[in-house]
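What follows is one structure encoded as structure tokens, with my remarks underneath.
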DNA sequence: ATGCAATTGCAAATCGTTTGCAACTGAAGT
DNA sequence: ACTTCAGTTGCAAACGATTTGCAATTGCAT
Ligand SMILES: [Mn+2]
Ligand SMILES: [Mn+2]
Ligand SMILES: [Zn+2]
Ligand SMILES: [Zn+2]
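Protein chains in written order, with the working numbering: chain G, 146 to 293; chain S, 146 to 293.
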């Protein structure tokens, strides 16, 4: 098993450094986030947390998410319609394509688009702090169906 | 005064065509939308509507916005943080740059970015139904300050 | 082990938005 | 103009996601 070091940000360290206590519920939530491959919302994180420690409350999940967002450890996405969804921040920047039929979230990155955004902002006299690019679509039907 | 025909979508006609009654409150809301240069939210539209007809309710504003969105007469934007904001749909597609300090919404369009989005979706096996591109930034300080 | 500020779970509050319902009204027919 | 009735309204209550007050608990520095 060629096991390369998994990109697992050291959340606890990051938090301690930010002067935040590492409590029982936070440990649980942090571990869930660490190995979440998807983009779970607060309720989903709560459910996964309860499996590990039944004493955790949804409020704490919300509070922890806000705290993690505050220290820049996670990113919050407010995709069309649904509740906020989260993902670890320690990954390279990317944008999202949401499958309108399945709800699947596909990640992509275009350096060219990123550049163009900068260029546009610059021309308008602005510095971009952050941006949001979301494509909403459905699987192309017919011809050569690739993937899936 | 070289007065070119203003791009003022004929909302009433559009609605009648969609089998919708033109009521008093709707007339008011429609007129407000017709000459709104900004991207007002429901409450703002409600306030402007009350100025014209004090009997209008916020519920009706919400219901009308949903109806207009349904027939494709307006677009709904859910910018970061705030409530939904609306704008007439009868304008050419564009995306938005939000000034984080003032809340101002600046419109822009990049055919190049639109193309790249298509390209990306295509490669992933998707057809884009719609998308959302929002830049959040602040006025660039220093050097040659242009505008404002 | 002690002390205390940080954190928790719970319930209640909040915000933007939607909905049930009885009263009202647009507009089609006469 | 008068009737008719489904579409529409205002109001208040419900809603879903998220936040918050508070008393009890707990991390962690001493
Ligand atoms: Mn992602
Ligand atoms: Mn616009
Ligand atoms: Zn991006
Ligand atoms: Zn666009």
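Built from N, CA and C at the ideal position, the CB exists for glycine as well.
Taking 7 Å as the cut-off, does the CB of residue i come closer than this to any heavy atom belonging to ligand 6?
| i | result |
| --- | --- |
| residue 242 of chain S | No copy of ligand 6 occurs in the structure displayed; its ligands are ligand 1, ligand 2, ligand 3 and ligand 4 alone. |
Indicate whether residue i and residue j have their beta-carbon atoms separated by less than 8 Å.
| i | j | result |
| --- | --- | --- |
| residue 234 of chain S | residue 217 of chain S | yes |
| residue 286 of chain S | residue 270 of chain G | no |
| residue 210 of chain S | residue 231 of chain S | yes |
| residue 206 of chain G | residue 219 of chain G | no |
| residue 262 of chain S | residue 251 of chain S | no |
| residue 180 of chain G | residue 227 of chain G | no |
| residue 258 of chain G | residue 278 of chain G | yes |
| residue 222 of chain G | residue 238 of chain G | no |
| residue 283 of chain G | residue 249 of chain G | no |
Beta-carbon within less than 6 Å of residue i's beta-carbon, same chain only, minus the 5 sequence neighbours each way: which residues are those?
| i | result |
| --- | --- |
| residue 152 of chain G | Only weak support exists for where residue 152 of chain G lies, its pLDDT of 39 falling under 50; the value from the coordinates is given anyway. For residue 152 of chain G, where only same-chain residues beyond five positions count, there are no Cβ hits under 6 Å. |
| residue 157 of chain S | 167 |
By the three-class DSSP mapping on this structure, what secondary structure does residue i have?
| i | result |
| --- | --- |
| residue 217 of chain G | coil |
| residue 158 of chain G | helix |
| residue 232 of chain G | strand |
| residue 195 of chain G | helix |
| residue 278 of chain S | strand |
| residue 151 of chain S | Residue placement at residue 151 of chain S is flagged as unreliable, the pLDDT there being 41, under the threshold of 50; a coordinate-derived value is accordingly withheld. |
| residue 252 of chain S | strand |
| residue 269 of chain S | coil |
| residue 245 of chain G | coil |
| residue 283 of chain S | strand |
So, for residue i: in the same chain, excluding its five sequence neighbours on each side, which residues have a beta-carbon less than 7 Å away from its beta-carbon?
| i | result |
| --- | --- |
| residue 212 of chain S | 165 |
| residue 171 of chain S | 209 |
| residue 174 of chain G | 190, 194, 206, 209 |
| residue 163 of chain G | 216 |
| residue 184 of chain S | 222, 230, 231, 232, 250 |
| residue 290 of chain G | At residue 290 of chain G the pLDDT is 49, less than 50, meaning the model places this residue with poor confidence; the figure from the coordinates comes in the next sentence. Answer for residue 290 of chain G: no residue qualifies. |
Among the options, whose alpha-carbon lies nearest the alpha-carbon of residue i?
| i | options | result |
| --- | --- | --- |
| residue 240 of chain S | G:221, G:274, G:179, G:266 | G:266 |
| residue 178 of chain G | G:163, G:236, G:162 | G:236 |
| residue 215 of chain G | G:159, G:238, G:254, G:283 | G:159 |
| residue 200 of chain S | S:249, S:168, S:248, S:283 | S:168 |
| residue 275 of chain S | G:196, G:242, G:264 | G:242 |
| residue 198 of chain S | S:268, S:260, S:176 | S:176 |
I'd like the list of long-range same chain contacts for residue i, defined as Cβ closer than 8 Å, with 5 residues on each side in sequence excluded.
| i | result |
| --- | --- |
| residue 296 of chain G | What the structure shows of chain G is the stretch from 146 to 293, and residue 296 of chain G is not part of that stretch, so it cannot be assessed. |
| residue 244 of chain G | 250, 251, 282, 283, 284 |
| residue 161 of chain G | 167 |
**Item:** Neighbouring residues (CB closer than 5 Å to any heavy atom of ligand 1)
**Value:** G:232, G:252
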